[in-house]
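Participant: The structure is given below, and queries will be raised subsequently.
Residue numbers (UniProt numbering): 1 to 75.
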């Protein structure tokens, strides 16, 4: 049975770290289906929100997420 996981690449080195972690998890033999959603600065730029509703809905639905480091505005 595949487990659907919300995958949040993040910003900066986040996508690289998340990709490496994803490969390690897949090496366990567990089947994953990755549902990619943005958070942080990349989400703000692409979707106008640091935590888009689509992201929150995905996490609520899947009940699990893998999140990379994100940038948050100062101030």
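All C-beta atoms, glycine included, are put in the ideal place defined by N, C-alpha and C. No experiment lies behind these values; they were computed from the predicted model shown.
Quick check: the Cα distance between residue 54 and residue 35, rounded to an integer number of angstroms?
Facilitator: Whole-angstrom Cα-Cα distance: 11 Å.
Participant: Once you ignore the five residues that flank residue 4 on each side, which residues in its own chain have a CB closer than 7 Å to its CB?
Facilitator: 33, 35 and 62
Participant: For residue 16, report the span of its alpha helix (DSSP H) as first-last.
Facilitator: Per DSSP, the unbroken alpha helix (DSSP H) holding residue 16 starts and ends at 14-26.
Participant: If you run the structure through DSSP and keep just helix, strand and coil, what is residue 31?
Facilitator: Look at residue 31 here: in three-state DSSP terms it is coil, with no helix or strand label.
Participant: Once the 5 residues before and after residue 13 are set aside, which same chain residues still bring their CB inside 8 Å of it?
Facilitator: 68 and 69
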